[in-house]
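Sequences listed follow chains V and P, in order.
Take 0 as the starting number for the first sequence in numbering that gives the first Met the number 0 and just add one per residue.
Take 0 as the starting number for the second sequence in numbering that gives the first Met the number 0 and just add one per residue.
Glycine included, each C-beta is placed from N, C-alpha and C at the ideal position.
Working notes, beginning with the structure itself.
There are 2 protein chains.
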Amino acid sequence: MTPAKATPKAEETGLKILEAALELFRKEGFDSATMRDIAQKAGVATGAAYYYYPSKEAIVMDFYERSCAEMQPKIAAALEEARGLEGRLRELIRVKLAHFAPNRSVLRALLRNGADPKHPLSPFGAQTKEIRDIDIAWFRRILVDCGIRISRDLEPRLPGVLWFFQMGVIFFWLIDESPHQGRTIRLLELASKAITTLIRLSGLPPMRPLRKTALQLMEIVTEGRS
Amino acid sequence: MTPAKATPKAEETGLKILEAALELFRKEGFDSATMRDIAQKAGVATGAAYYYYPSKEAIVMDFYERSCAEMQPKIAAALEEARGLEGRLRELIRVKLAHFAPNRSVLRALLRNGADPKHPLSPFGAQTKEIRDIDIAWFRRILVDCGIRISRDLEPRLPGVLWFFQMGVIFFWLIDESPHQGRTIRLLELASKAITTLIRLSGLPPMRPLRKTALQLMEIVTEGRS
DNA sequence: ATTCTTTCATGAACGCGTTCAAAAATATCT
DNA sequence: AGATATTTTTGAACGCGTTCATGAAAGAAT
Chain V
0 MTPAKATPKA EETGLKILEA ALELFRKEGF DSATMRDIAQ KAGVATGAAY
50 YYYPSKEAIV MDFYERSCAE MQPKIAAALE EARGLEGRLR ELIRVKLAHF
100 APNRSVLRAL LRNGADPKHP LSPFGAQTKE IRDIDIAWFR RILVDCGIRI
150 SRDLEPRLPG VLWFFQMGVI FFWLIDESPH QGRTIRLLEL ASKAITTLIR
200 LSGLPPMRPL RKTALQLMEI VTEGRS
Chain P
0 MTPAKATPKA EETGLKILEA ALELFRKEGF DSATMRDIAQ KAGVATGAAY
50 YYYPSKEAIV MDFYERSCAE MQPKIAAALE EARGLEGRLR ELIRVKLAHF
100 APNRSVLRAL LRNGADPKHP LSPFGAQTKE IRDIDIAWFR RILVDCGIRI
150 SRDLEPRLPG VLWFFQMGVI FFWLIDESPH QGRTIRLLEL ASKAITTLIR
200 LSGLPPMRPL RKTALQLMEI VTEGRS
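And the structure:
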């Protein structure tokens, strides 16, 4: 991120670097765009970028964070239009894919270290907790609003699970090379329906043992997280 | 891999490089061990390693391939001892974890690009198909041998699903920092039981619509694969 | 206005993975 | 054996991300 104490001048330079970087990332991919290219395009010296960003990947991270902020109103709007858990789940994720679409190749740089939570630039890491919590709050919201009765034990876990599902869809989308990422769209539609059904069923008495097992699994996986 | 036409001499040099690399990877991690270090430790020039391996990561890949080959008899032995789908599933994966244990940090280098099937060094990529198929055959084997009736539509898909589950466990294990990776062990035990239960239930008539949906999801995900 | 301090900018230099032209070692042929 | 092709080895060089000593700009303090 841009330094804490930023004069307007510095703020502007930081933005110039970010924009130059994104443009190059989009045009020739993350790896091919060199820091020297980026700095030159931004009209600064090679080392200047490192005054604003600790690493090349941090630029992508900044983009990711800004994107998430920009998306908030779009998400709110989409949830106004859509009805029901299935529709809202689908549209919430669809909004994200649509927003990221022009920068699909850029985001792929995040996927690279996405699996390792210890890596600073991971959607699962500590450094992205703020974004994650905001995201998860949306899922909590649509779960509450949809009116489906959710058992007390599952309720606190479910938003996180849906967020995880969303991440899975985004990852799949990033590697999906079908035309217009059509496979991802079909996956999203079918999975949203299936998940909604499962959530409905999860409250039923005969499902109790299965649900308890699932909860235990979630506990193990999320063990040692705030 | 070592070149196609390998004289005994070259074979030996290749092995020296592999062993030097693994030793350094284990001692100081994949990133800290430089190719110059590796070459020096192997007693060759810096560039020599590139005659035997196209890249640094390719060394890890070679290790992965060799490990999988070495594991075959261990897997066979483990499946002799264990009974039932749950036990065999658990032990099959446990053997792998045990075998990889001394080189956990080495394997993490594979995890890095593991998500992207287009990357040559990915467990999901085309280049590792052979290994994958052998692995999947084991899962098919224990499914057939366990005697649980599996519906005809699910049967061809299930081995791949179990393989995918195994990959998930391994990934989790690689990032699991709990003492002795105890969380992974608990996850494996509980998940093996749960999966076995689910497979048992999947054949029941009321499960039909859910199973059909799951199958559709699998079809979308595996679309365009041999 | 003058110092002093903090912020911002520079480009050379470092360490790394990787490539490459060239040489050495080895195999193959006559 | 010598001549020739092939495989193996070399270490310098390249391009990259990143770091760093150095200096310029911009405020703050006197």
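- Would you be able to state if there are at least three C-beta pairs under 8 Å between the segment 119–128 of chain P and the segment 192–201 of chain P? With contact defined as three or more Cβ pairs closer than 8 Å, the segment 192–201 of chain P and the segment 119–128 of chain P are not in contact.
- Taking Cβ-Cβ distances below 8 Å as the criterion, which residues of the segment 113–143 of chain V are in contact with chain P? Listed by position along the chain: G113, A114, D115, P116, K117.
- Message: Measuring straight from C-alpha to C-alpha, what distance separates G12(V) and N102(V)?
- Response: The displayed chain sequence assigns Thr, not Gly, to residue 12(V). One C-alpha to the other measures close to 22 Å.
- Task: Report all residues from its chain with a CB closer than 6 Å to the CB of A32(V); omit the five preceding and five following residues, and keep chain order.
- Result: Closer than 6 Å at Cβ, skipping near neighbours: L23, F24.
- Item | Sequence-distant residues of the same chain with beta carbon closer than 6 Å to F99(V), five excluded per side | Only L106 meet the Cβ criterion.
- Query: For Q215(V), which residues in chain P fall below 7 Å Cβ to Cβ?
  - Reply: Simply L189.
- 7 Å Cβ shell around A48(P) - same chain, five flanking residues per side excluded: Excluding sequence neighbours, A48(P) sits near I16, M34, I37, A38.
- Reducing DSSP to helix, strand and coil, say where R224(P) ends up. In this structure, R224(P) counts as coil in the three-state DSSP scheme.
- Which bits of chain V does L186(P) rub up against, with CB to CB less than 9 Å? In chain order: L216, I219, V220.
- Query: How is T45(V) classed by DSSP in three states: helix, strand or coil?
  - Reply: Helix.
- Item | Helix, strand or coil at I147(P) [DSSP, three-state] | I147(P): coil per DSSP, three-state reduction.
- Query: Can a CB atom of chain V be found closer than 8 Å to the CB of F170(P)?
  - Reply: Output row for F170(P): interface = yes.
- In chain order, which continuous runs of the alpha helix (DSSP H) of length 4 or greater are located wholly inside the segment 173–202 of chain V? Runs found: 181–201.
- Taking L78(V) as the reference, which of Y52(V), P204(V), S225(V), C145(V) has the closest Cα? Nearest of Y52(V), P204(V), S225(V), C145(V) to L78(V), Cα basis: C145(V).
- Go to D61(P), then tell me how far its alpha helix (DSSP H) extends in each direction, as first and last residue. Run containing D61(P): 55–80, per the alpha helix (DSSP H) assignment.
- Message: Pairs of beta-carbons, one from the segment 108–119 of chain P and one from the segment 86–98 of chain P, closer than 8 Å: are there three or more?
- Response: Segment contact: the segment 108–119 of chain P against the segment 86–98 of chain P, fewer than three CB-CB distances shorter than 8 Å; contact not assigned.
- Task: Kindly indicate which residue of T127(P), L161(P), A20(P), S150(P) has the alpha-carbon position closest to the one of R140(P).
- Result: Between R140(P) and the set T127(P), L161(P), A20(P), S150(P), the nearest pair of CA atoms involves L161(P).
- Query: Counting contacts by CB-CB distance shorter than 8 Å, is R182(V) in contact with chain P?
  - Reply: Yes, because at least one Cβ of chain P sits closer than 8 Å to the Cβ of R182(V).
- Nearest chain P C-beta to T195(V) closer than 8 Å, yes or no? By this cut-off, T195(V) is not an interface position.
- Item | Straight-line Cα distance separating G181(P) from G202(V) | Roughly 31 Å separates the two Cα atoms.
- Quick one: is the Cβ of P155(P) within less than 7 Å of any heavy atom of the ligand MN? Although the ligand MN was asked about, the structure shown includes no ligands whatsoever.
- To which residues of the same chain is P158(P) closer than 8 Å at the C-beta, ignoring the five residues directly before and after it? I135, A136, F138, R139, L142, listed in sequence order.
- Message: Is the separation between the beta-carbon of I92(V) and that of L187(V) shorter than 8 Å?
- Response: Cβ distance < 8 Å, so I92(V) and L187(V) count as in contact.
- Verify the CB distance criterion: does I174(V) have a CB-CB separation below 8 Å to chain P? True, the Cβ-Cβ gap to chain P drops below 8 Å.
- Query: For chain P, is any of its Cβ atoms less than 8 Å away from the one on T6(V)?
  - Reply: Output row for T6(V): interface = no.
- Task: Closer than 8 Å by C-beta to V43(V): which residues in its own chain qualify, once you throw out the five before and the five after it? Chain order, please.
- Result: For V43(V), where only same-chain residues beyond five positions count, the Cβ hits under 8 Å are T12, K15, I16.
- Task: Within 10 angstroms of the Cβ of R82(P), are there 16 or more other Cβ atoms? Answer buried if so, exposed if not.
- Result: Exposed, by the Cβ-count rule.
- For F123(V), name the three-state secondary structure that DSSP assigns. F123(V) falls in the coil class under three-state DSSP.
- Can you round the beta-carbon distance between A108(V) and E176(V) to whole angstroms, since I take them to be within the 8 Å contact cut? Contact between A108(V) and E176(V) fails: their C-beta atoms lie close to 17 Å from each other, not under 8 Å.
- Cβ of G28(P) within 8 Å of Cβ of S104(P)? Taking a C-beta distance under 8 Å as the contact criterion, G28(P) and S104(P) qualify as a contact pair.
- Task: Report the option in E10(V), S225(V), K8(V), K26(V) whose CA atom is closest to the CA atom of D132(V).
- Result: Among E10(V), S225(V), K8(V), K26(V), the Cα nearest to that of D132(V) belongs to S225(V).
- Task: Kindly say whether R111(P), judged by its beta-carbon, lies nearer than 8 Å to any beta-carbon of chain V.
- Result: Taking Cβ atoms only, chain V reaches closer than 8 Å to R111(P), which makes this a yes.
- Message: Distance check for F164(V) and F171(V), CA to CA, integer angstroms please.
- Response: Near 10 Å, if we compare the C-alpha coordinates of F164(V) and F171(V).
- Sequence-distant residues of its chain with Cβ nearer than 8 Å to P234(V) (five each side left out): No information on residue 234(V) is available, as it lies outside the stretch 0 to 225 that chain V covers here.
- Test item: CB-CB of L84(V) and I184(V) under 8 Å: No, the pair does not count as a contact, with Cβ atoms beyond the cut-off.
- Report yes if the CB atom of D152(V) is closer than 8 Å to the CB atom of L209(V), and no otherwise. Against a cut-off of 8 Å, the Cβ pair of L209(V) and D152(V) comes out as no contact.
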